[in-house]
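Structure first, commentary second.
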Amino acid sequence: MAYTEGDKLWGGRFVGAMDPMMEKFNESVSYDQRLWAADIQGSKAYAKALEKAGLLTKSEMDQILNGMDKIHEEWSKGTFLIKDGDEDIHTSHERRLKELIGQTGGKLHAGRSRNDQMPTDVRIWLRDHISVLSGHLNQLIKTMVERAATEIDILFPGYTHLQRAQPIRWSHWMLSHAVALSRDAERLDEIRRRTNVLPLGSGAIAGNPFQIDREFLRKELQFDAISLNSMDATSGRDFVAEILFWCSLCLIHLSKISEDLIIYCTKEFGFVTLSDAYSTGSSLMPQKKNPDSLELIRSKAGRVFGRCSGFLVTLKGLPSTYNKDLQEDKEGMFESIDTVTAILQVAMGVISTLQVNEKTMMKALSPDMLATDLAYYLVRKKMPFREAHGASGRAVHLAESKGVEVSQLSLDELKTISPLFESDVAKVWNYTNSVEQYNAAGGTARCSVMSQIEQLRAWLKGRPSS
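Residue numbering for the sequence shown follows the working numbering, starting at 1032 and increasing by one per position.
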C-alpha cells in the first residue's frame, strides 16, 4: 500500500503517493524501534518544557504525559503495534499518541525536529548501554586480577615473535591483558561524558524559537551539559564514531587474548585447558575439542571493525548539518554494542573456568631462555652489555655445536669465552631466580606482580558503579 506524503510528519509540502519501494527504503523504524524508551523519555520532558514555555496548557501536558505512559505500557507488555506507514520510532509514537488523545498529540512537536529528537534518543540509549558495557568490563578485569593473585607462583615461557623469549609469571601475562582492558574502561568513561550532552532544543538547524528552557530539559533528562551550537548538535555524530572505535579497540585486545589462549590450549602447547562449557566438537572427528568461543571472539572483531570504518566513510563527505546519510548511525552502533556485550560475558566465562596446566608450563621452560640472564651475569661483573650480549651468544653457539644445553657447558668452557665466568654462574640456571631479578615496577618478579595486582584492585574499587 502506498501512503500519501501528506500523511507524513513532513507531508504538507507534498502531494500524491510515495513509491512503495521508496517507502521501504526510507524507513528506519525496523531498527530504531530499539529507542522506544528513550524517545518516550525525551517526549515527556519536552512536553513539560512546552507547558513551562506557555505552549501547552496544564491539561494538555497531562494528556500528553498520560498518553506517553500508555505507549510505554504497551511496549513493556509487547502489545505496541508498528503500522505500515510508520517511518521511524518518532512517527510511530506520534501516530499512536494522536490515536489515544486526539489532535492535542500534534502539539508535542512544536519547535522540535527529528534532527534534534533522534540524537537525543540515541545519546540516552547509548549512555545507558555504556553503563552496561562498563559493568561487564569491570567484572572481566576483576576476574583476571583475582586469577593473577591466586596463580602468582606459576612460571611459563614468555614469547616474542611467537618464539620462546624469557621466563615470566603466568600472572604477568594475565595482568598484561587486564591493564589493556583497564585503558578501555577509562576510554569508555570519557565517551560517556561526551555522549551525555543534550541536543534537544536545537530544532532542525537554527535552534528553538519558543523560549524552551534547555537547562530544565538537561536536568529532566539527566544530561551533564547542553550542546553549544544547534548546527553541530543536530549533525554531530562524533559520539557514535567514538563508540564504534572503542568497540573496535576493545575487541583488538580481546582478540589478542583469544589468539594467545587458542595457541596455549593446543596439544602442541598444552598450557591451558578450555572448559567444555566454552568449547565445541567436530561432526566428523570424535577426539576434537575446539575453542570456538575464542575463535568467535577473534572473528567477530572483524565485523565490528567493518562497522567502524564504514561509518567513518559515511561521515567524511557530508556537507554541514543534517543529511539523511546520518540515518546510518544506528544499525552499526546497535550491532557493535550487542556484539561487545556478548563477547565480554563469554570472555569472563572463559577466563573464570580456564584450567592452567602448571607442570606443562614448567616443562616448556628451557635453559636457552636464560641466555639474557647469562649476559646480565657478565654485566654485573662490569662488562659492557654489548660485549656481554656477544659473549652469551657465543656460549649458546658453543652449546649448540656440542649438542648440549647451554646450562651444561662446564665452567672451563665458559671461561674460554670470558674469564669473568666463575662458579657462581650456576645460579643463572634457575627459572625462579630469573623472574625474581625483574623487580623494577612493572616487571615479572613476585613483588612487582603483587604491586600490579594491588594497583588494579585499588583502581577497580574506585570505578563508578554500573
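Note that CB positions come from ideal geometry on N, CA and C, so glycine has one too.
It should be emphasised that the depicted structure is a prediction, and the values quoted were computed from it without experimental measurement.
(request) Using three-state DSSP, classify residue 1148 as helix, strand or coil. (result) DSSP places residue 1148 in helix when its eight states are reduced to three.
(message) Whole angstroms are fine: how far does the CA of residue 1423 sit from the CA of residue 1402?
(response) In a straight line, the C-alpha of residue 1402 is about 6 Å away from that of residue 1423.
(request) Kindly give me the distance between the Cβ atoms of residue 1375 and residue 1168, rounded to whole angstroms, as I take these residues to be in contact under 8 Å. (result) Between residue 1375 and residue 1168, the beta carbon gap of about 6 Å places them in contact (Cβ cut-off 8 Å).
(request) Indicate the three-state DSSP secondary structure (helix, strand or coil) for residue 1190 in the structure shown. (result) Secondary structure of residue 1190 (DSSP, three-state): strand.
(message) So residue 1279 and residue 1335 are supposed to be a Cβ contact under 8 Å. How far apart are they, rounded?
(response) Taking 8 Å as the upper bound for CB-CB distance, residue 1279 and residue 1335 are in contact here, some 5 Å apart.
(message) Tell me the rounded alpha-carbon separation between residue 1084 and residue 1247.
(response) If you take the alpha carbons of residue 1084 and residue 1247, they lie about 11 Å apart.
(message) What does the alpha-carbon distance come out to for the pair residue 1210 and residue 1385?
(response) Looking at the two C-alpha atoms, the distance is approximately 19 Å.
(message) Here's the rule: buried if 16 or more other CB atoms are within 10 angstroms of the residue's CB, otherwise exposed. What is residue 1160?
(response) If you draw a 10 Å sphere on the C-beta of residue 1160, you find 16 or more other C-beta atoms in it, and that means buried.
(message) Which residue marks the beginning of the alpha helix (DSSP H) containing residue 1063, and which one marks its end?
(response) Segment 1060-1063, the alpha helix (DSSP H) holding residue 1063.
(request) Compare the Cα-Cα distances from residue 1128 to each of 1119, 1328, 1095, 1049 and report the closest residue. (result) When each option's Cα is compared against that of residue 1128, the closest is 1095.
(message) Do residue 1202 and residue 1216 count as a contact pair if the criterion is CB distance below 7 Å?
(response) No, these two residues do not count as a Cβ contact at 7 Å.
(message) Given a cut-off of 7 Å on the beta-carbon distance, is the pair residue 1236 and residue 1277 in contact?
(response) No, the pair does not count as a contact, with Cβ atoms beyond the cut-off.
(message) One question on the structure: do residue 1388 and residue 1302 come within less than 7 Å of each other, judged by their Cβ atoms?
(response) Their beta carbons are under 7 Å apart, which means residue 1388 touches residue 1302 by this criterion.
(message) Can you look up residue 1464 in the DSSP assignment and give me helix, strand or coil?
(response) Residue state, collapsed to three classes: helix.
(request) Report buried or exposed for residue 1351, applying the criterion of at least 16 other Cβ atoms within 10 angstroms of its Cβ. (result) Counting C-beta atoms within 10 angstroms of its own C-beta, residue 1351 has fewer than 16 neighbours from the protein chains shown and is therefore classed as exposed.
(message) residue 1152 and residue 1048 - do their beta-carbons sit closer together than 7 Å?
(response) The beta carbons of residue 1048 and residue 1152 sit no closer together than 7 Å.
(message) DSSP three-state label for residue 1354, please.
(response) The answer is coil: DSSP assigns residue 1354 none of H, G, I, E or B.
(message) Quick check on the burial criterion: 16 or more other C-beta atoms within 10 angstroms. Buried or exposed for residue 1029?
(response) A question about residue 1029 goes unanswered here, because the residues of the chain that appear run from 1032 up to 1497.
(message) Would the region 1278-1292 count as touching the region 1315-1335 if we require 3 or more Cβ pairs under 8 Å?
(response) Result yes; three or more Cβ-Cβ pairs closer than 8 Å.
(message) Alpha carbons only, please: which of 1123, 1119, 1088, 1115 is nearest the one belonging to residue 1105?
(response) Of 1123, 1119, 1088, 1115, the smallest CA-CA separation from residue 1105 is found for 1123.
(request) Quick one: grab the DSSP three-state call for residue 1253. (result) The three-state reading of DSSP puts residue 1253 in coil, since its state is none of H, G, I, E or B.
(message) Quick check on residue 1298: buried or exposed, where buried means 16 or more other Cβ atoms within 10 Å of its Cβ?
(response) Exposed.
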